[in-house]
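Okay, so here's the structure we're looking at.
This is how it looks when you write it as structure tokens:
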């Protein structure tokens, strides 16, 4: 197993403009969320105190506000966060593939996303299907029972590894998206199919390195939480309110470090490992059939790719 930590860390540091952009977007969405629920709660309490509405109406109103928020969050995630994430992936893929850093990363990433995915919904659809394929494939070829012998003393480890394998899909699908930015294939479904096939040929080093860094991510996050815990404890000696505030601050700092730096770094390592390991390989029908036998989602991906091929063949010449 080859861990490309050094190369990936160097690439990660070169893509700081996108890292800070993602942090900025996340911070903005966090502030908007706090203001939204703050206004909803203030309005509900004001109307309750005035006797304008009853308690059950306030409860229904709060539930409706939550439903609206969830719907809006999904739209933002699909049309904003996905595009920012894909732009970052495009820049990482370019650096791994060419060794060069685009002069204007944000502009380059945006242009690459628009060139490969005409609409944000297309990116979302491809990403979700690829993630499903990876989950099914990993579940068949790298089941926990094949990795760890079950016994009373290792049950916790088995559950931890199983969870890590499930989480790995969310990183490996980004590596497939990265491959799509490096290939000359213009059709996203065929490019995604080929990327999955290359993963099928290199799944052992890619999945193994992904599991190592995910487990390391668990440890780093837990260690950071322990390091910041004394802050809340000190404030707790002053008052309960300050202790609660301290825990909120600690949670916010840990979440910021996790989502802003640790998570993008792990993504960069996985993408770098996949692109480097698969660089000399080409998709083949044997691996394609093997994955199709293990994944219903992959058969759906193949169908989408074949339908697009048929449409192009049957389209009249211009």
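Numbering (UniProt numbering), first residue to last: 1 to 318.
Ideal placement from N, C-alpha and C gives every residue a C-beta, glycine not left out.
The stretch 158 to 177 / the stretch 65 to 72 touching (three or more Cβ pairs under 8 Å): Output reads no: the stretch 65 to 72 does not touch the stretch 158 to 177.
Distance between residue 27 and residue 91 (C-alpha atoms, nearest Å): Rounded to the nearest angstrom, the two C-alpha atoms are 22 Å apart.
Segment contact, 8 Å Cβ cut-off, at least three pairs: the stretch 113 to 130 with the stretch 74 to 88: Contact holds: three or more Cβ-Cβ distances are below 8 Å.
Separation of residue 283 from residue 247, as counted between CA atoms: Distance between the alpha carbons of residue 247 and residue 283: 50 Å.
Nearest-angstrom Cα separation, counted from residue 33 out to residue 46: Cα-Cα distance, rounded: 20 Å.
Nearest-angstrom Cα separation, counted from residue 80 out to residue 164: Rounded to the nearest angstrom, the two C-alpha atoms are 27 Å apart.
Closest residue to residue 285 among 195, 262, 221 and 266 (Cα-Cα distance): If we check each option's Cα against that of residue 285, 195 comes out closest.
8 Å Cβ shell around residue 25 - same chain, five flanking residues per side excluded: Beyond the five residues adjoining it in sequence on each side, residue 25 comes within less than 8 Å, by CB distance, of 80, 81 and 84 in the same chain, given in chain order.
3-residue-minimum beta strand (DSSP E) runs that sit fully inside the stretch 116 to 144, ordered along the chain: Runs of the beta strand (DSSP E) inside the stretch 116 to 144: none found.
Assigned exposure category for residue 109 - 16 Cβ within 10 Å defines buried: Residue 109 should be labelled buried.
Limits of the alpha helix (DSSP H) - the one that residue 94 falls within: Looking at the DSSP string, the run of the alpha helix (DSSP H) that includes residue 94 is 82 to 98.
Helix, strand or coil at residue 32 according to DSSP, with G and I counted as helix: DSSP places residue 32 in the helix class (H, G or I) of the three-state scheme.
Through-space distance from residue 189 to residue 40, alpha-carbon basis: Roughly 43 Å between the two C-alpha positions.
Beta carbon of residue 341 nearer than 9 Å to that of residue 166: Outside the shown range of the chain (1 to 318) lies residue 341, about which nothing can therefore be said.
Pick from 119, 141 and 221 that is closest to residue 260, judged by C-alpha positions: Comparing Cα-Cα distances from residue 260 to each of 119, 141 and 221, the minimum goes to 221.
Inter-residue CB distance, residue 11 and residue 96 (contact presumed, cutoff 8 Å): So it is a contact: roughly 7 Å between Cβ atoms.
Residue 102, DSSP secondary structure in three states: Residue state, collapsed to three classes: coil.
Residue 54 classed as buried or exposed, judged by whether at least 16 other C-beta atoms fall within 10 angstroms: Classification of residue 54: exposed, given that the 10 Å Cβ count is below 16.
Local conformation of residue 77 per DSSP, three classes: Residue 77: helix per DSSP, three-state reduction.
Same chain, Cβ closer than 6 Å to residue 319, neighbours up to 5 away in sequence not counted: Examination of residue 319 is not possible in this model, given that the chain is present from 1 through 318 alone.
Cβ pair residue 9, residue 264 closer than 9 Å: A distance of 9 Å or more separates the beta carbons of residue 9 and residue 264.
With 16 other Cβ atoms within 10 Å as the buried cut-off, status of residue 307: Residue 307 is exposed by the Cβ-count criterion.
Residue 136 vs residue 267 beta-carbon contact at 9 Å: The Cβ-Cβ distance between residue 136 and residue 267 does not fall below 9 Å.
Proximity of residue 29 and residue 106 at Cβ, strictly below 9 Å: No; because the gap between Cβ atoms is not below 9 Å, this pair is not in contact.
Same chain, Cβ closer than 7 Å to residue 289, five either side skipped, listed in chain order: In its own chain, leaving out the 5 sequence neighbours on each side, no residue places its CB closer than 7 Å to the CB of residue 289.
Residue 208 to residue 214 span [Cα, whole Å]: Rounded to the nearest whole angstrom, the CA to CA distance from residue 208 to residue 214 is 10 Å.
Residues near residue 67 in its chain [Cβ-Cβ closer than 8 Å; skip 5 each side]: Correct list: empty, nothing qualifies.
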